[in-house]
């Protein structure tokens with residue numbers, strides 16, 4: 079359904095040397111996709127006139143829209159502006175709007191503009207100036223028949239602000255692109271192939287103009303529904319209707335939508351029910367407390383954590399019975415149960431959460447292999463435990479355990495409602 | 079000095095849609111750079127024959143070496159193999175080595191090979207098979223005069239193993255590339271411009287064939303020294319000599335080299351001196367414990383942590399004097415000092431580390447703005463404290479505080495030696 083084609087040209091030696099990952103072009107791709115514009119190709123070239131001109135010429139033959147990032151700073155090694163001036167056979171002139179923008183930035187900083195800085199306000203005469211609300215380098219828009227060339231700064235924050243507020247609306251207007259509506263459905267606690275089997279019939283019955291993509295990541299699978307059309311409201315309604323049909327089938331695995339994060343959703347559930355938690359972490363070593371406290375406002379429901387990495391700390395600080403550890407080991411259902419119950423009591427919370435396991439690579443025994451991890455949640459009445467059998471990799475084990483415990487908490491909070 | 083040119087072609091609709099970041103091409107660029115091969119361009123195209131053929135034709139005109147990743151799976155939408163077969167005007171034949179590799183993988187899994195899987199062992203007749211030691215899709219190497227085309231799987235682990243063990247050595251041999259020696263010098267506790275000023279004279283005196291690059295990241299700056307030449311041992315010696323000249327100037331900021339991580343270096347220093355630590359984290363919420371425990375073997379020196387996120391937990395669990403908090407507040411030199419001293423006593427460690435501050439975005443007062451953070455280290459004799467004035471961003475404040483505290487610990491351990 080998309081027939082407006084675009085190419086993204088990224089300029090920068092540092093990308094070709096492998097010093098930085100080009101995350102800009104991923105972000106631009108996703109924005110164009112949402113706007114109904116298909117990215118046909120991405121090209122990265124270095125800071126040389128020959129390479130930039132070559133890439134522009136080739137792209138012009140292939141696509142209608144050419145988006146260029148990088149090479150717009152004030153120093154001599156930034157080539158994009160002189161090269162575009164040459165490519166469009168025009169000349170650099172002082173742009174009054176760009177100069178006013180520059181002046182206001184330097185006024186705020188309480189500094190005078192130097193001649194080198196002032197040159198940033200010179201733009202090719204034939205271009206339309208795209209304002210930069212958060213930086214000094216203006217964007218440039220060139221119309222050439224039905225083709226459009228847009229040059230943007232490489233600084234991600236400046237480029238994103240310019241794309242969202244100026245460039246995407248202008249492109250949508252010029253090319254009368256269809257409206258595209260994306261909705262992410264975020265699931266946890268089920269693998270990609272099991273999820274695909276579970277929702278097979280629903281997927282088959284999706285209308286042809288709603289596309290489904292599976293986007294798996296560590297211990298989570300996102301479903302992306304995409305719909306194209308002319309009427310925004312009917313598209314949104316249609317996609318929401320399909321999600322309503324999905325809920326009776328896979329609802330218990332769905333924790334949120336779009337930008338929702340699991341730790342944030344669990345936090346909202348705790349906050350809205352006036353409940354709070356504390357976490358005792360052995361093998362996860364503080365990572366779950368970190369995930370929870372990375373959410374602004376988490377002090378409303380998180381009273382604190384403890385990481386008793388050694389057995390005597392489990393005994394002295396968390397009051398785990400030494401006989402429990404002696405008889406069953408630190409990695410056992412019995413120990414993780416006491417950890418969860420005791421952190422709940424010591425921190426005076428509604429729920430106590432705990433982890434204990436072999437994150438690896440060392441510490442395994444024949445009975446307790448790397449990746450054997452116990453998790454638990456105590457609520458004062460009963461304590462729910464779960465045994466995870468994970469991988470060989472320490473980092474993956476820590477992160478997967480965190481997601482499993484947060485999901486166990488989410489499921490526990492759903493029971494209350 | 080580099081005159082062998084390469085282009086990286088990445089194949090995959092998911093990259094053009096903006097669903098994933100292409101991290102493969104960054105890694106490949108850095109490997110080629112190390113091997114003395116210059117990446118002239120990177121191109122990403124979708125899963126269509128026309129686009130792939132177009133990209134191959136254009137690249138062949140520009141460069142000697144064309145490295146292709148992606149599109150090598152067993153399913154129908156993976157096009158690279160049939161397209162290469164067509165491009166080189168050859169045919170698919172069963173490759174005995176590839177089949178043997180596939181057989182051994184399925185034997186390990188205890189599964190039978192299906193016909194669909196068996197097709198993975200069919201390769202273009204004119205290519206040299208590149209073994210895949212960690213997966214089922216073989217690599218393909220095509221010689222065409224002085225040009226080389228190499229096709230690799232898109233799965234990062236498989237691609238990296240194949241590049242390192244097979245492809246880079248073969249390319250170095252075919253193109254007789256110069257030896258390139260890179261060394262990263264990792265610094266902490268000094269900003270990029272201050273570091274540049276400090277080492278200005280040293281930098282100016284570097285021999286012309288040793289290049290210096292500043293690679294800044296959050297609260298750290300890496301210096302990369304690069305040297306080209308024919309004799310590996312003399313290159314290494316020369317770079318090491320320059321680093322020896324750098325040490326008297328900037329040594330106290332240098333914590334390691336190449337792949338060293340700060341938490342790992344601090345851990346090694348503790349382990350080698352038979353000392354251990356415990357951490358009490360308020361504003362960092364468990365992140366420092368997580369960083370420390372992400373290092374395998376950290377249980378040798380990390381006895382545990384505590385995250386007393388509320389004042390009463392600081393008082394009851396960590397025995398901070400309630401009057402201290404009442405008089406000076408939780409974010410104060412007095413409170414962070416007691417936190418560090420008490421976690422040391424309670425966990426029976428050589429050092430107690432602590433953080434308390436306003437991570438933001440909420441919680442600030444006129445006297446205590448967002449980004450005001452205290453850190454402390456207690457050793458039983460005296461307690462060293464430091465006030466940080468950081469940024470508006472919660473995530474950056476947490477991560478910068480962690481680096482600052484680990485660096486304070488590193489500097490403290492250096493005093494002992």
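Residue numbers (my numbering), protein chains in the order written: chain A, 79 to 495; chain B, 79 to 495.
Just so it is clear, CB atoms sit at the ideal spot from N, CA and C, and this is done for glycine as well.
The structure presented is a predicted model; accordingly, all values stated were derived computationally and were not measured.
| Asked | Found |
| --- | --- |
| Rounded to whole angstroms, what's the CA-CA distance from residue 305 of chain A to residue 287 of chain B? Just pull it up for me. | 56 Å |
| DSSP puts residue 220 of chain A in a beta bridge; with which residues? | A/227 |
| Check distances from the C-beta atoms of the segment 98–109 of chain A to those of chain B and list, in chain order, the residues that come in under 9 Å. | 98, 99, 100, 101, 103, 104, 105, 106, 107, 108, 109 |
| Going by the C-beta, is residue 481 of chain A closer than 7 Å to any heavy atom of the ligand SAH? | As for the ligand SAH, it is missing from this structure, which has no ligand bound. |
| Is DSSP giving residue 260 of chain A helix, strand or coil here? | strand |
| Ignore the nearest five residues each way along the sequence and tell me which others in residue 298 of chain A's own chain have a CB closer than 8 Å to its CB. | 264, 265, 266, 340, 481 |
| Can you say whether residue 476 of chain B is buried or exposed, counting buried as having 16 or more other CB atoms within 10 angstroms of its CB? | buried |
| Under the assumption that residue 182 of chain A contacts residue 94 of chain B (Cβ atoms under 8 Å), give the Cβ distance between them as a whole number of angstroms. | With 8 Å as the limit, residue 182 of chain A and residue 94 of chain B do not qualify as a contact, their Cβ atoms being about 38 Å apart. |
| Does DSSP put residue 404 of chain A in a helix, in a strand, or in coil? | helix |
| At a CB-CB cut-off below 9 Å, which residues of chain A make contact with residue 120 of chain B? | 88, 93, 94, 100, 120, 121, 122, 123 |
| Return the bridge partner residues of residue 335 of chain A from the DSSP annotation. | A/263 |
| For residue 386 of chain B, decide whether its Cβ has a neighbour in chain A, counting only Cβ atoms nearer than 8 Å. | yes |
| Which residue from B/189, B/404, B/416, B/269 puts its Cα closest to that of residue 508 of chain B? | For chain B, the structure presents residues 79 to 495; residue 508 of chain B sits outside this window and is missing. |
| Return the Cβ separation of residue 415 of chain B and residue 463 of chain B in integer angstroms, given the expectation that the two are a contact with Cβ distance under 8 Å. | 6 Å |
| Just the chain B side, please: which residues come within less than 9 Å of residue 136 of chain A by C-beta, in chain order? | 136 |
| Kindly indicate if chain B contains any beta-carbon less than 8 Å away from that of residue 81 of chain A. | no |
| Taking the C-alpha atoms as reference points, what is the distance between residue 164 of chain A and residue 135 of chain A? | 12 Å |
| At which residues does the alpha helix (DSSP H) containing residue 163 of chain A begin and terminate? | 158–165 |
| For residue 452 of chain A, does the three-state DSSP call read helix, strand or coil? | strand |
| What span of residues does the beta strand (DSSP E) with residue 117 of chain B cover, start to end? | 116–123 |
| Does residue 469 of chain B pass the burial test, meaning 16 or more other C-beta atoms within 10 Å, or should it be called exposed? | exposed |
| Can you give the Cα-Cα distance for residue 219 of chain B and residue 115 of chain B, rounded to whole angstroms? | 17 Å |
| Which residues of chain B have a Cβ atom closer than 8 Å to the Cβ of residue 425 of chain A, listed in chain order? | 391, 395 |
| Compute the Euclidean distance between the alpha carbons of residue 216 of chain B and residue 126 of chain B, then round it to the nearest angstrom. | 21 Å |
| Along the alpha helix (DSSP H) that carries residue 103 of chain B, what are the first and last residues, could you check? | 102–112 |
| What does a CB cutoff of less than 6 Å around residue 491 of chain B pick up in its chain, not counting 5 residues either side in sequence? | 347 |
| Is DSSP giving residue 181 of chain A helix, strand or coil here? | helix |
| Would you mind stating whether residue 335 of chain B and residue 261 of chain B have Cβ atoms separated by less than 8 Å? | yes |
| Just list the alpha helix (DSSP H) runs in the segment 282–337 of chain B, keeping only unbroken ones of 4 residues or longer that don't cross its boundaries, in chain order. | 310–328 |
| By DSSP's criteria, residue 171 of chain B is part of a beta bridge. Which residues make up the other side? | B/201 |
| Count Cβ pairs between the segment 237–249 of chain A and the segment 269–286 of chain A that sit closer than 8 Å; are there 3 or more? | no |
| Bridge partners for residue 99 of chain B per DSSP, in chain order? | Beta-bridge pairing links residue 99 of chain B to no other residue. |
| Within 8 Å of any Cβ in chain A, is that where the Cβ of residue 368 of chain B sits? | yes |
| Closer than 9 Å between beta carbons: that is the criterion. Which residues of the segment 288–321 of chain B meet it against chain A? | 291, 293, 302 |
| Rounded to a whole number of angstroms, what is the C-alpha to C-alpha distance between residue 255 of chain B and residue 87 of chain B? | 21 Å |
| Excluding the 5 residues flanking residue 472 of chain A on each side, which residues of the same chain have their C-beta closer than 7 Å to its C-beta? | 437, 438, 439 |
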